[in-house]
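Protein chains: 2
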Amino acid sequence: MGEFELIDRHFKRKPAFARPQTAPKATNSIAQPVVLGIGDDCALLQPAPGMQLAISTDMLVQGRHFFADVDPAALGHKALAVNLSDLAACGAEPLACTLALALPPERARDDAWLAALAGGLFALADAHACSLVGGDTTAGPLNLCVTVFGQVPAGQALRRDGARVGDDVWVSGTLGDARLALGALRGEWTLPPERLAAARQRLERPSPRLALGMALRGIATSAADLSDGLAGDLGHILKASAVGASLTAEETTKIVAAGAHPSGAGAPFDAETLLRVALTGGDDYELVFTAPPKARAAVRAAAQASATPVTRIGRIEAEPGLRLVGADGRVSPLAARAFDHFG
Amino acid sequence: MGEFELIDRHFKRKPAFARPQTAPKATNSIAQPVVLGIGDDCALLQPAPGMQLAISTDMLVQGRHFFADVDPAALGHKALAVNLSDLAACGAEPLACTLALALPPERARDDAWLAALAGGLFALADAHACSLVGGDTTAGPLNLCVTVFGQVPAGQALRRDGARVGDDVWVSGTLGDARLALGALRGEWTLPPERLAAARQRLERPSPRLALGMALRGIATSAADLSDGLAGDLGHILKASAVGASLTAEETTKIVAAGAHPSGAGAPFDAETLLRVALTGGDDYELVFTAPPKARAAVRAAAQASATPVTRIGRIEAEPGLRLVGADGRVSPLAARAFDHFG
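Quick mapping for you: the protein sequence lines, in order, are chains A and B. Residues in the first sequence are numbered from 580 upward in steps of one, following the working numbering. Residues in the second sequence are numbered from 580 upward in steps of one, following the working numbering.
Spelled out as structure tokens, the structure:
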């Protein structure tokens with residue numbers, strides 16, 4: 580199978596994917612954001628009037644971001660999910676994506692593997708009305724580079740530089756599952772099979788928090804997605820906003836993946852390990868965001884509207900740096916350091 | 580040097596690159612297309628009102644698209660150039676780009692190499708007012724994935740599917756130099772040193788035909804850039820437009836890199852070899868386009884306005900397929916086949 584046949588067979592879909600929730604009944608070319616999809620030198624997008632285009636790109640490399648024996652459907656899902664998570668962190672609505680793919684010869688020949696990869700990507704893309712509009716395919720060590728395009732009303736994007744002293748610090752969902760699964764797969768520790776399956780699902784098929792991100796427009800003062808660990812990603816917000824933060828150990832411990840608690844069935848971790856996993860483990864793809872205390876009801880309403888649990892875990896302060904405050908009031912500094920691919 | 584320091588040092592520029600030729604004197608945030616650049620979860624773009632966004636992505640892999648000992652400045656140039664060439668083929672004006680980069684550890688440590696790579700990319704980006712607005716950096720086998728964003732007035736993009744029976748077929752510049760250089764570097768043939776240097780320049784530092792592409796809006800009926808060879812890329816137009824074409828051997832031979840002609844100094848190729856190189860050699864990044872005969876004066880005016888030579892080499896016909904017509908009137912079929920990465 581040649582390059583063009585491979586693209587036609589696995590990645591080109593006709594008719595072009597329609598966006599059911601926003602497609603108008605009348606024929607209005609402005610309202611359909613994908614003007615031209617796969618098969619030309621460029622794809623053409625038309626964001627709605629008054630919208631800005633949000634763009635993010637992430638590259639996944641075998642041995643670095645996934646194991647060689649990865650489930651290809653999970654890989655297709657994750658390659659898009661980590662990018663959609665960046666749109667979520669900006670409060671943007673997904674429109675489209677491109678996929679550049681380097682394939683070793685044995686993968687390029689493996690029709691079932693390619694069909695599963697495309698299937699995983701398209702299932703998530705369809706769930707978020709995100710059309711695959713273009714890409715590139717070449718021979719080479721396995722590498723997936725997805726670029727996503729979303730739209731957000733001008734001036735309403737959630738950014739990293741908007742946190743203000745006195746703001747609350749919030750986190751969506753629970754943290755640590757992805758790191759617990761990775762550690763188990765690497766042999767750092769063991770997890771009961773049922774627990775591993777649940778944690779692995781979060782590692783391999785993260786759910787980008789798009790509904791929450793859009794619901795937080797005009798409410799949150801800053802946001803970032805948790806790809807490199809809470810300490811590091813909150814650290815990006817603190818640096819961009821030129822502020823610091825204190826987290827309460829009690830609240831922060833609460834958001835550690837519930838089933839992994841020492842009180843949970845078969846989870847042999849002490850509280851300190853769990854806290855470390857939650858603070859520095861990556862790949863959770865939850866959102867960390869800030870909002871003023873007067874917006875607490877609005878934050879809870881946004882969380883409810885998007886069916887996404889949120890927890891208030893700390894407060895933005897003028898003093899630079901990131902601190903953890905224990906139940907006894909003791910303050911310990913936290914290194915606000917993200918995962919570093921060359922560290 | 581860590582990942583974030585690497586990005587800060589080589590790829591983040593402050594103040595954000597301003598677009599000298601379009602930046603208005605008055606403060607008008609709409610007129611500045613890059614709202615937010617490197618350093619957040621997403622970049623934010625605001626195309627001008629009435630504009631569509633043209634998007635293309637290309638991935639370059641070591642050993643496939645460039646040699647391990649490639650000049651890093653040339654690599655940075657080419658990674659962007661091949662993408663800008665896709666914008667040219669659509670008649671789009673460049674706005675911004677992203678760069679996802681997988682680096683082996685020895686490259687991530689090599690400050691001079693990285694500075695040269697970034698320098699090559701930024702020099703071309705600056706020449707076309709194309710801001711680097713985001714990206715990703717990871718460890719892995721050397722791989723560069725650039726995605727470019729341009730704007731084009733709604734409905735005016737040059738596409739592959741607009742060629743009509745009776746249209747002329749045009750090509751910009753000359754063809755074959757990149758393939759001649761590649762063959763010499765691979766040891767398939769030898770070229771005199773001066774000739775090799777000139778051909779290698781075209782292989783390693785192609786000039787995307789952006790000015791011509793924009794000048795052809797409203798004139799050309801279809802266009803594609805020549806990345807995979809004239810026969811293949813014109814083949815894409817023929818397939819998308821459901822037509823065929825005949826090229827005249829005499830005119831087509833004229834556009835073969837002038838200095839490589841048998842009459843040229845030290846070029847030992849026969850006419851047939853040169854024609855084959857021009858038709859099937861890739862990496863030229865010229866444009867092939869079609870326009871009705873009544874637009875010939877307009878095409879020549881667009882070529883002159885953009886200081887880009889163009890040659891009329893054939894005609895679109897109803898009969899499918901691609902043919903070459905000799906001076907004696909003999910018609911030989913040409914395989915309209917593009918370079919295939921898995922062929």
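Heads up, the beta-carbon is just placed ideally off N, CA and C, and yes, glycines get one too.
Relative to the alpha-carbon of residue 710 of chain B, which residue among B:670, B:623 and B:750 has its alpha-carbon at the smallest distance?
Within the second sequence, numbered from 1, the residue matching residue 710 of chain B stands at position 131. Nearest option by C-alpha distance: B:623.
In three-state terms, what does DSSP make of residue 672 of chain A?
As a first step, residue 672 of chain A is located in the first sequence; it is residue number 93 there, counting from the start. Reduced to three states, the DSSP call for residue 672 of chain A is strand.
Hey, does residue 761 of chain A have any beta-carbon neighbour from chain B nearer than 8 Å?
As a position in the first sequence, residue 761 of chain A is number 182, starting the count at 1. No, residue 761 of chain A does not count as interfacial toward chain B.
What residues match up with residue 715 of chain A in a beta bridge as DSSP calls it?
Your numbering for residue 715 of chain A matches position 136 in the first sequence. DSSP output for residue 715 of chain A lists A:679 as bridge partner(s).
Using 8 Å for Cβ pairs, my map puts residue 720 of chain B next to residue 683 of chain B. What's the rounded Cβ distance?
Along the second sequence, read from residue 1 onward, the residue named residue 720 of chain B stands at position 141. Along the second sequence, read from residue 1 onward, the residue named residue 683 of chain B stands at position 104. With a Cβ gap of about 6 Å, residue 720 of chain B and residue 683 of chain B count as contacting.
Please name the residue in A:612, A:647, A:648 and A:645 whose C-alpha comes closest to that of residue 631 of chain A.
Here residue 631 of chain A is taken as the residue at index 52 of the first sequence, counted from 1. Checked all of A:612, A:647, A:648 and A:645; the closest Cα to residue 631 of chain A is A:612.
Please classify residue 690 of chain B: is it buried, with 16 or more other beta-carbons within 10 angstroms of its beta-carbon, or exposed?
Mapped onto the second sequence, residue 690 of chain B falls at position 111. Exposed, since its Cβ has fewer than 16 Cβ neighbours within 10 Å.
Excluding the 5 residues flanking residue 760 of chain A on each side, which residues of the same chain have their C-beta closer than 6 Å to its C-beta?
By 1-based counting over the first sequence, the position of residue 760 of chain A is 181. Excluding residues within five positions, the ones whose Cβ falls inside 6 Å are 778, 779 and 782.
In chain B, what lies closer than 9 Å to residue 618 of chain A by C-beta?
Start at 1 with the first residue of the first sequence, and residue 618 of chain A comes out as number 39. The answer, in chain order, is 739, 740, 815 and 819.
Using a Cβ-Cβ cut-off of less than 9 Å, give me the residues of the stretch 626-645 of chain A that come near chain B, in sequence order.
If the cut-off is 9 Å between Cβ atoms, the stretch 626-645 of chain A has 626, 628, 630, 631, 632, 633, 634, 635, 636, 637, 638, 639, 640, 641, 642, 643 and 644 near chain B.
Whole angstroms is fine: what's the gap from residue 833 of chain B's alpha carbon to residue 646 of chain A's?
In the second sequence, residue 833 of chain B corresponds to position 254, counting from 1. In the first sequence, residue 646 of chain A corresponds to position 67, counting from 1. Their Cα atoms are separated by approximately 52 Å.
For residue 634 of chain A, which residues does DSSP report across the bridge?
What you label residue 634 of chain A is simply residue 55 of the first sequence in a count that begins at 1. DSSP output for residue 634 of chain A lists A:728 and B:622 as bridge partner(s).
For residue 582 of chain A and residue 757 of chain B, what's the separation of their Cα atoms in angstroms?
Within the first sequence, numbered from 1, the residue matching residue 582 of chain A stands at position 3. Within the second sequence, numbered from 1, the residue matching residue 757 of chain B stands at position 178. So the two alpha carbons sit approximately 22 Å from each other.
May I have the straight-line CA-CA distance separating residue 826 of chain B from residue 666 of chain B, to the nearest angstrom?
As a position in the second sequence, residue 826 of chain B is number 247, starting the count at 1. As a position in the second sequence, residue 666 of chain B is number 87, starting the count at 1. Rounded to the nearest angstrom, the two C-alpha atoms are 26 Å apart.
Taking CB distances under 8 Å as the criterion, tell me whether residue 681 of chain A reaches chain B.
The residue labelled residue 681 of chain A in the question sits at position 102 within the first sequence. So, interface residue.
Three or more C-beta pairs closer than 8 Å, one from the stretch 672-679 of chain A and one from the stretch 732-741 of chain A: is that the case here?
Result no; under three Cβ-Cβ pairs closer than 8 Å.
Please report the distance separating the alpha-carbon of residue 877 of chain B from that of residue 798 of chain B.
For the purposes of this step, residue 877 of chain B is identified with residue 298 of the second sequence, where counting begins at 1. For the purposes of this step, residue 798 of chain B is identified with residue 219 of the second sequence, where counting begins at 1. Whole-angstrom Cα-Cα distance: 7 Å.
Does DSSP put residue 735 of chain B in a helix, a strand or coil?
Locating residue 735 of chain B in the second sequence gives position 156, where the first residue counts as 1. The answer is coil: DSSP assigns residue 735 of chain B none of H, G, I, E or B.
Rounded C-beta distance between residue 856 of chain B and residue 714 of chain B? I'm assuming under 8 Å.
One-based indexing of the second sequence puts residue 856 of chain B at position 277. One-based indexing of the second sequence puts residue 714 of chain B at position 135. Incorrect: roughly 35 Å between the Cβ atoms, too far for contact.
Under the three-state reduction of DSSP, which class applies to residue 664 of chain B: helix, strand or coil?
Taking the first residue of the second sequence as 1, we reach residue 664 of chain B at position 85. Residue 664 of chain B: helix per DSSP, three-state reduction.
Starting from residue 765 of chain A and walking both ways along the alpha helix (DSSP H), at which residues does that stretch end?
Locating residue 765 of chain A in the first sequence gives position 186, counting from the first residue. It spans 756-765 - the alpha helix (DSSP H) in which residue 765 of chain A sits, taken as one unbroken run.
Closer than 8 Å, CB to CB, is residue 654 of chain B near chain A or not?
To locate residue 654 of chain B, count along the second sequence from 1; it is residue 75. Closer than 8 Å: no.
Mind listing the chain A neighbours of residue 623 of chain B? Cutoff is C-beta to C-beta under 8 Å, in chain order.
Residue mapping note: residue 623 of chain B aligns to position 44 of the second sequence, counting from 1. Under the 8 Å cutoff, chain A gives 631, 632, 633, 634, 669, 731 and 736.
Report yes if the C-beta distance between residue 585 of chain B and residue 652 of chain B is below 8 Å; otherwise report no.
The residue given as residue 585 of chain B occupies position 6 in the second sequence. The residue given as residue 652 of chain B occupies position 73 in the second sequence. Their beta carbons are not under 8 Å apart, which means residue 585 of chain B does not touch residue 652 of chain B by this criterion.
Report back the beta-carbon spacing between residue 880 of chain A and residue 888 of chain A to the nearest angstrom; my notes put them in contact at under 8 Å.
Position 301 of the first sequence, counted from the first residue, corresponds to residue 880 of chain A. Position 309 of the first sequence, counted from the first residue, corresponds to residue 888 of chain A. Wrong, their Cβ atoms sit about 13 Å apart, outside the cutoff.
Looking at the C-beta of residue 601 of chain B, does it have a partner C-beta in chain A at a distance below 8 Å?
Here residue 601 of chain B refers to the residue found at position 22 of the second sequence. Its pLDDT being 41, under 50, residue 601 of chain B is placed unreliably by the model, and nothing is read from it.
What are the boundary residues of the alpha helix (DSSP H) that residue 692 of chain A is part of?
Taking the first sequence and counting its residues from 1, one reaches residue 692 of chain A at position 113. Here the alpha helix (DSSP H) through residue 692 of chain A covers 690-706.
To the nearest angstrom, how far is it from the Cα of residue 792 of chain A to the Cα of residue 591 of chain B?
On the first sequence, residue 792 of chain A is found 213 positions in, with the first residue counted as 1. On the second sequence, residue 591 of chain B is found 12 positions in, with the first residue counted as 1. Looking at the two C-alpha atoms, the distance is approximately 26 Å.
How about residue 607 of chain A: is its C-beta nearer than 8 Å to some C-beta of chain B?
Here residue 607 of chain A is taken as the residue at index 28 of the first sequence, counted from 1. Low confidence applies to residue 607 of chain A: its pLDDT is 40, below 50, so where it sits in the model is not reliable enough to give any reading.
Taking the alpha-carbon positions, what's the residue 608 of chain A to residue 627 of chain A distance?
Here the question's residue 608 of chain A lines up with position 29 in the first sequence. Here the question's residue 627 of chain A lines up with position 48 in the first sequence. Because residue 608 of chain A sits at a pLDDT of 39, beneath the cut-off of 50, its placement in the model cannot be relied upon, and the following sentence gives the value as read from the coordinates. Their Cα atoms are separated by approximately 10 Å.
Please work out which residues of its chain come closer than 6 Å, Cβ to Cβ, to residue 664 of chain A, disregarding the five sequence neighbours upstream and downstream, and give them in chain order.
Numbered from its first residue, the first sequence carries residue 664 of chain A at position 85. Closer than 6 Å at Cβ, skipping near neighbours: 787, 804 and 864.
What in chain A is Cβ-close to residue 808 of chain B, meaning under 9 Å?
As a position in the second sequence, residue 808 of chain B is number 229, starting the count at 1. Ordered by position in chain A, no residue passes the 9 Å Cβ test against residue 808 of chain B, which lies about 13 Å from the chain.
My understanding is that residue 618 of chain B touches residue 850 of chain A, with C-beta atoms under 8 Å, so please give their C-beta distance in whole angstroms.
Counting from 1 along the second sequence, the entry for residue 618 of chain B is found at position 39. Counting from 1 along the first sequence, the entry for residue 850 of chain A is found at position 271. Incorrect: roughly 35 Å between the Cβ atoms, too far for contact.
Looking at the secondary structure, which residues open and close the alpha helix (DSSP H) in which residue 896 of chain B lies?
Walking along the second sequence from the start, residue 896 of chain B turns up at place 317. Not the alpha helix (DSSP H): residue 896 of chain B falls in the beta strand (DSSP E), residues 889-896.
Taking residue 583 of chain B as part of the beta strand (DSSP E), name the residues at either end of that continuous run.
As a first step, residue 583 of chain B is located in the second sequence; it is residue number 4 there, counting from the start. Per DSSP, residue 583 of chain B belongs to no beta strand (DSSP E); it is in the alpha helix (DSSP H), 582-589.
Buried or exposed: residue 768 of chain A, going by 16 or more other Cβ atoms within 10 Å of its Cβ?
Numbered from 1 along the first sequence, position 189 holds the residue referred to as residue 768 of chain A. Residue 768 of chain A is exposed by the Cβ-count criterion.
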